[in-house]
C-alpha cells in the first residue's frame, strides 16, 4: 500500500494557499511575476545556495527566515537582482515591503525571490505594477499560473502534489519549481516552493526540508554551474488539523517521505527539462572506499562534457567513463572497475566484456532514460546523481541568451 | 634583443634527430604511426598524466624513463591502448621491443606512446606492419609527417622550433604536439615531444621540463576532461657541442626559457585547435588571497560551460563569471570584485560600471582572442589559464566520435 497518492496541482493543492502569476513587464511577453500566499501564518523552512556570491533576495530571505514564520513569498523571473550592490538589497527589501503593504501583512512575513539575468538593476516601476496585479489575481487554483511565472529558460512548468493521511486527517503536500540550466549539486540553479497544510513544528520542518533537499535538489546536475539565487522554501500552515508534527510524532517519517517525494519529483522534472537535454541518466557509483569518493566520482561523471556528449550521441563510451573516474579524485584501482548501462555489464575488472555486444548497449542508450552504474569494488559506499546529456541545443540556448 | 629566434620545423629541427609518420591501418585512412629517433643516445625527461587510470604505454614509459636515456619513441594514434588489462601492457612492451629490434637498439631505449580510443585491444598485426614501415621512412625532415601521424581529432598539426646560442654554439629546440579535446590542466589530453641538440644533465633536463609544463600544458583547458594517456617527453642528445647544461651553467636560464617557449607555443596551438573552438581566451585571476584560490577561480571559469558558451555567443556575460567565482571555492567578497575584458573594466566593486557601454565590450568578444581578468582585491596572488569557448561544433564532434 502506498503511503500517499498523487493528486493534481502544485502549491495551491494544500488547504489555505492561494497563488497567482502575471506579466509585469520584466520579460518581453511571458508571465514573470508570482505570488504565493497562505491564509494563515505558516511555519516556514528554507535552504539556500552555497555560492559565496548570493543574490540580494537570497540574503534577505536568509535574514527573514530566522523568524520561522511567513505568510507569503513574492517571486519574479527575468532579473535575478544579483550583483547589484547596495541598491539591489534596497530593491529586494522594497519589493517585499510593497507586497506586504498590498496584502496588509507585516513585512517580516513576506519572503522575496528573484531569478533571471545577473547584474542588471531591478526595474522597480515594473515590480511595483507587478505587486498590485499579482495580489489582485490571487486564487485557490492559481498554482498553475505561479508555476508558469517563475520559469526562465524552462520549457515546461514543474508542479507535483500528493495527499496522505496523518492522524486520520487528509494532508496535502504540493510544490512547484523552476530550473533548467546552471544546474549542479549543492544546489541546483533553481527555485522550488513546497506547501503543506500539515501542522509542523518549525525546527522539525527545517529538518524535513534539509533531508529532502539532500536526496533531491542536491543530487541533480545539468551543466555543473551553480547559481547565486537557488532557494527552496517549505511552508506548513496547519490547516489540515493534525496533531503537531515533529520527530516524536508516530507518523513523522511518513510526512518526511512525502516531502522527499515532492522534492524528488520536482528535481527530476528539472533534469528532464535540462537545457537541450534529450536523455535522463541516473549515475550510481558503488563499492567506493568512502562516501566522499563515491560523491567525487558521481559528480565528475555527471559533469564530464565528454561523457554527456557521448550519451547525446547514443554511444556507450565506457572509456570516457573510466577516464573520468580516474581523474575524479576518488580512490580507484583500474583492474577492479565494473561498468554497466542498466543491467548490462560492459566492463569487468577494468576491461571490456568481450562477449557483450555493442548493439544491446546502444539500444539502451537510444532510450530517453537509462542508468549508468560504476562499481569500484573497493568498499561499501555509494552515491547516486541524476543528470542529463549535453546536446548542441544546450550550446545554442546558452550562447544566444544575452546579457 | 631576443634570446632565441623562431625557425622552421619541429622535432627534427635540432641536429641528430630523424622522424617519420606513416599509415599503418589503425585509422581508416590518415597517418597513424610515428617514430622519433636520435642518432645518439639522448638524455630524456618525461611528465605524465596525473589520472589514476593510465594507459599501458604511460605505465611502460614511466618505468623506462627511470633510466634517464633513450634513442627513440614510437607513437600510434587511433588506439590509446588504455584499459586493456594485462594484454594491454604486453602489447605496449611488444610494440617497443619490435621497434627496438628493427632499429637495432636496446629495448630499454625505446619509449612507447598511444593515443586514441580507450578500451579497444591493440591490433598488433597492424602495429607490426607500422613499425617496419615507419623505421624505413625515417628522415632528417620527417618531423612534419610525424606531427601529422600523432593527430586524433586535431584539425592542424602542431610544431614549433627555435634556435639560440649556448657557449657560442647554435642550439635548437623543437617540438610537436597533439591534442584538441579532453584538455584540462594537470595535464592536458595530449602528447608532446620536444627535442634539443643541447647537452643537458639528465636531472636538470627533468627540472627544465617540469618548469615548462607547469606554465604551459598545465595551464590550458578545453573541456575540463583529463585523459589517461597524457605524456610530454624532452630529449637532449648533445649534438650541439655545448658544455654540459645544468643549474650551475651561466646560460641555464636561457635554455629553460627556450623549453618554456616551445611548450607554451605548442600548448597555445592545442587550445586554438580545441574541438569546435572559435576564440582563444586568456583567463587571469589576480588579487587572490592565496595561489590556491587564484587557481580554483581560473580553473572554474575556464571550465564553466555557461561562461564558455557566452564567449561563443560573443556575450560579455559578467554575471556568469562572478557566479562561477562564487562557487569556485576561492575566497571572494562580492563588493570587491572587478572584472575586465582586455583593458575595459566592466565590473567595479561587484557592480556593473554603468558608464561602460556594452558595445565596446561586444567588440572585444567578437574578436578571436581576448583576455578576461578578474581582480578579487583580497591579496597579491594570481594565476592565468589559457582556454577557448565552447561551440555547438564541440558537441557535434564528441557525440559523433563513436566507441
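Chains as they are written, first to last, in my numbering: chain A, 1 to 403; chain B, 1001 to 1403. For every residue, glycine included, the Cβ atom is placed at its ideal position computed from N, Cα and C.
Given this structure, state the Cα-to-Cα distance separating residue 485 of chain A from residue 110 of chain A, to the nearest angstrom.
Because residue 485 of chain A is not part of the residues shown, which for chain A are 1 to 403, the question remains open.
Can the beta-carbon of residue 1273 of chain B be found less than 7 Å from the beta-carbon of residue 1156 of chain B?
yes
Opposite residue 231 of chain A in the DSSP bridges: which residues?
Partner(s): A:48, A:191.
Exposure label - residue 451 of chain A; buried when at least 16 CB within 10 Å
What the structure shows of chain A is the stretch from 1 to 403, and residue 451 of chain A is not part of that stretch, so it cannot be assessed.
Rounded separation between residue 1329 of chain B and residue 1297 of chain B - CA only
7 Å
Determine the contact status of residue 1164 of chain B and residue 1193 of chain B, defining contact as a CB-CB distance below 7 Å.
no
Taking just the CA atoms, how far does residue 312 of chain A sit from residue 1175 of chain B?
36 Å
Using a Cβ distance threshold of 8 Å, determine whether the stretch 1016-1026 of chain B contacts the stretch 1136-1148 of chain B, with at least three qualifying pairs required.
yes
Counting only Cβ-Cβ distances shorter than 7 Å, please list the residues of the stretch 373-398 of chain A near chain B, keeping chain order.
390, 391, 392, 395, 396, 398
Taking CB distances under 7 Å as the criterion, tell me whether residue 341 of chain A reaches chain D.
The chain inventory of the structure shown lacks chain D, comprising the protein chains A and B.
Output the distance between the C-alpha atoms of residue 1187 of chain B and residue 43 of chain A, rounded to the nearest integer angstrom.
Model confidence at residue 1187 of chain B stands at a pLDDT of 42, short of 50, so the residue's coordinates are unreliable; what they give is reported in the following sentence. Approximately 51 Å between the Cα atoms of the pair.
Local conformation of residue 1151 of chain B per DSSP, three classes:
Residue 1151 of chain B falls in the coil class under three-state DSSP.
Have a look at A:148, A:12, A:354 and flag the residue whose alpha-carbon is nearest the alpha-carbon of residue 76 of chain A.
A:148
Return the first residue and the last residue of the beta strand (DSSP E) that residue 159 of chain A is part of.
158-166
Same chain, Cβ closer than 6 Å to residue 1263 of chain B, five either side skipped, listed in chain order
1212, 1216
Please check if any C-beta of chain B sits within less than 7 Å of the C-beta of residue 18 of chain A.
no
Tell me whether residue 299 of chain A sits in a helix, a strand or coil according to DSSP, three-state version.
helix
Cutoff 7 Å: residue 4 of chain A Cβ touching any chain B Cβ:
no
Quick one, which residues of the stretch 311-328 of chain A are near chain B if we go by CB-CB under 9 Å, in chain order?
Only 311, 312, 313, 314, 315, 316, 317, 318, 319, 320, 322, 323, 324, 325, 326, 327, 328 from the stretch 311-328 of chain A bring a Cβ to less than 9 Å from some Cβ of chain B.
Counting contacts by CB-CB distance shorter than 7 Å, is residue 51 of chain A in contact with chain B?
yes
Pairing CB atoms from the stretch 246-257 of chain A with CB atoms from the stretch 338-358 of chain A, are three or more of them under 8 Å?
no
Within a Cβ cutoff of 6 Å, which residues of the same chain sit near residue 1300 of chain B, ignoring the five residues on either side of it in sequence?
1324, 1328
Beta strand (DSSP E) segment containing residue 110 of chain A, residue limits
110-117
Give a yes or no on whether 7 Å exceeds the smallest Cβ distance from residue 99 of chain A to chain B.
no
Between residue 130 of chain A and residue 78 of chain A, is the Cβ-Cβ spacing less than 7 Å?
no
Could you tell me the distance, in whole angstroms, from the CA atom of residue 70 of chain A to the CA atom of residue 397 of chain A?
36 Å
Using the Cβ count rule (16 or more neighbours within 10 Å means buried), how would you classify residue 1316 of chain B?
Burial call: buried.
Same chain, Cβ closer than 8 Å to residue 1337 of chain B, five either side skipped, listed in chain order
Excluding sequence neighbours, residue 1337 of chain B sits near 1322, 1325, 1347, 1349, 1350, 1374, 1375, 1376, 1377.
I need the DSSP call for residue 1043 of chain B, collapsed to helix, strand or coil.
strand
Can you check whether the CB of residue 392 of chain A is closer than 7 Å to the CB of residue 1392 of chain B?
yes
Identify which residue in A:340, A:191, A:198, A:206 has its Cα closest to the Cα of residue 270 of chain A.
A:191
What is the rounded straight-line gap between the Cα of residue 178 of chain A and the Cα of residue 1390 of chain B?
The alpha-carbon atoms of residue 178 of chain A and residue 1390 of chain B are separated by roughly 25 Å.
Indicate the three-state DSSP secondary structure (helix, strand or coil) for residue 169 of chain A in the structure shown.
strand
Members of the stretch 112-134 of chain A that neighbour chain B once the beta carbon cut-off is set at 9 Å:
117, 118, 119, 120, 121
If we cut at 7 Å on Cβ distances, does residue 1365 of chain B have a partner in chain A?
Answer no: the Cβ-Cβ gap between residue 1365 of chain B and chain A never drops below 7 Å.
Length of the line joining the Cα atoms of residue 11 of chain A and residue 40 of chain A:
15 Å
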